[in-house]
Every structure is written in C-alpha cells, then in structure tokens.
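Numbering (the UniProt record's numbering), first residue to last: 1 to 128.
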C-alpha cells in the first residue's frame, strides 16, 4: 500500500480478512477502497467495523481511525457529488457503475496476450 498499488493491496487485505478477520485489516481494506474511489464498498466495510463485526472493533485507537476514515470517505463522496455534472441521469450513473465493475473484473483476467492463449492450446496438442 505504501507504493500506491492499492488494487494489489486490496487483494492482499481481502485474503488476509478471509484467513483471520480483524478490524485493523478491515480499516486498511477500507483505505485501499477509498483510494481507488470505490466509496460504496468502502462504506460497507467501515459500517461492518462500526457494528462490531470484527475482533478489535471496540479498541479506542481503532475507533479514532474509523472516525478519520469516515471523515475522509464523507469528504471524498461530497467532492464526487459536487464535481459530477448536474445532468447526470440515473442511466448515466448505472453505466458508470457498470464500467467500474467491468474494470474490476478485468483485474482478474489472465495477463497473457491473447495470441499466447491461442498458442498454448496448440502446444498441448503437439506435446501429445
């Protein structure tokens, strides 16, 4: 996360949460999501912390950090609303949401060039 690769950090924190969930990792995940402008998902994570769903959610230092994250999230959401064109319709917002979803799905696709994907099937045939 210190290198600014928030998408990779998000994957790491999600995996860590699946192995050993705690509130500190959830805060780090929330920060990654905020930096990637995934505000809705960040809000869901932070609400889970506030509701005490993770071990360590009631720690005093963590509560301060949660307040800071909530403030940052609110500021980011407000600036997003203010910078959005006033003519943004529900359909435009839907299309924008789909674009964000598709860009997230593309992260998990193979990083190989399509030409090499095609060649690998021929290579398997030649090996037989």
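Just so you know, even glycine gets a beta-carbon here, dropped at the ideal spot from N, CA and C.
| Asked | Found |
| --- | --- |
| Quick one: grab the DSSP three-state call for residue 60. | helix |
| State yes or no: is the C-beta of residue 24 nearer than 6 Å to some heavy atom of the ligand FMN? | With respect to the ligand FMN, the structure offers nothing, as it holds no ligand at all. |
| Are the CB atoms of residue 22 and residue 52 nearer to each other than 7 Å? | no |
| For a test of the three-state rule: what should DSSP assign to residue 25, helix, strand or coil? | helix |
| State the start and end residues of the unbroken alpha helix (DSSP H) segment that holds residue 17. | 6–19 |
| Indicate the three-state DSSP secondary structure (helix, strand or coil) for residue 54 in the structure shown. | coil |
| Per DSSP, what kind of secondary structure is residue 100 in: helix, strand or coil? | helix |
| Any Cβ of chain C within less than 7 Å of the Cβ of residue 8? | Protein chain content of the structure displayed is limited to a single chain, and chain C is not contained in it. |
| Roughly how many whole angstroms lie between the Cα atoms of residue 132 and residue 94? | No answer is possible for residue 132: the residues shown for the chain start at 1 and end at 128. |
| Taking its Cβ as the centre, do 16 or more other Cβ atoms sit within 10 Å of residue 49, making it buried, or is it exposed? | buried |
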